[in-house]
Amino acid sequence: MDSQNRRGTVSLRQINGSARSKKIRVDLGEESSFAGFPAAVKVGDASYFLVRGEDGYKLLSTLCPHQGGEVMDEGDDEFVCDGHGWQYAKTDGTCINQPDFRMKAFLVTVNENRLIALVPDE
5 MDSQNRRGTV SLRQINGSAR SKKIRVDLGE ESSFAGFPAA VKVGDASYFL
55 VRGEDGYKLL STLCPHQGGE VMDEGDDEFV CDGHGWQYAK TDGTCINQPD
105 FRMKAFLVTV NENRLIALVP DE
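So the sequence shown is residues 5 to 126, counted in this note's numbering.
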């Protein structure tokens with residue numbers, strides 16, 4: 005295989021290494037250990053809400069997609085950003101204030117009664 009790229013082209017190795025973020029699988033624990041939803045979950049330094057909707061489980065990032073504030077669970081029907089008060093649906097993270105925005109969601113699957121999440125390796 006030719007290791008040299010023509011000028012202006014990008015190799016698959018460059019895309020895999022820099023443009024795509026690496027994901028890791030994280031065992032969140034037994035499915036039965038989560039009594040209520042949303043549940044606060046910490047993976048490394050990142051914070052998430054584990055939610056269960058019609059299409060299964062998801063982890064929603066607590067980082068607001070608007071301007072990076074912290075999205076909090078204040079006990080009502082919506083999550084609320086501490087920066088500008090934007091509200092997000094607790095079921096899937098869609099923004100109530102601006103339909104074009106939504107909380108970043110990550111896949112969670114069930115494997116042998118354990119919740120396994122696929123999250124960025126940060």
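The beta carbon of each residue, even a glycine, is placed where N, CA and C say it ideally should be.
- [ ] Name the two residues that bound the continuous beta strand (DSSP E) containing residue 69.
- [x] Where residue 69 is concerned, there is no enclosing beta strand (DSSP E), given that its DSSP letter is neither H nor E.
Open item on the list: Does residue 62 pass the burial test, meaning 16 or more other C-beta atoms within 10 Å, or should it be called exposed?
Closed with: buried
Task: Per-residue DSSP class, three states only, for residue 35 - done: helix
- [ ] Please decide whether residue 105 counts as near chain D, where near means a Cβ-Cβ distance under 7 Å.
- [x] Among the chains in the structure shown there is no chain D, since it carries only a single protein chain.
Task: Neighbour-count burial assignment, residue 119, 16 or more Cβ in a 10 Å radius - done: The residue in question, residue 119, is buried, as its Cβ has 16 or more Cβ neighbours within 10 Å.
Open item on the list: How far does the beta strand (DSSP E) with residue 95 in it extend, from its first residue to its last?
Closed with: Per DSSP, residue 95 belongs to no beta strand (DSSP E) and is neither H nor E.
Task: Helix, strand or coil at residue 105 [DSSP, three-state] - done: Coil at residue 105, not helix or strand.
Task: Segment limits, beta strand (DSSP E) that includes residue 46 - done: Unbroken beta strand (DSSP E) run through residue 46: 43–47.
TODO: Consult DSSP for residue 25 and reduce its assignment to one of helix, strand or coil.
DONE: coil
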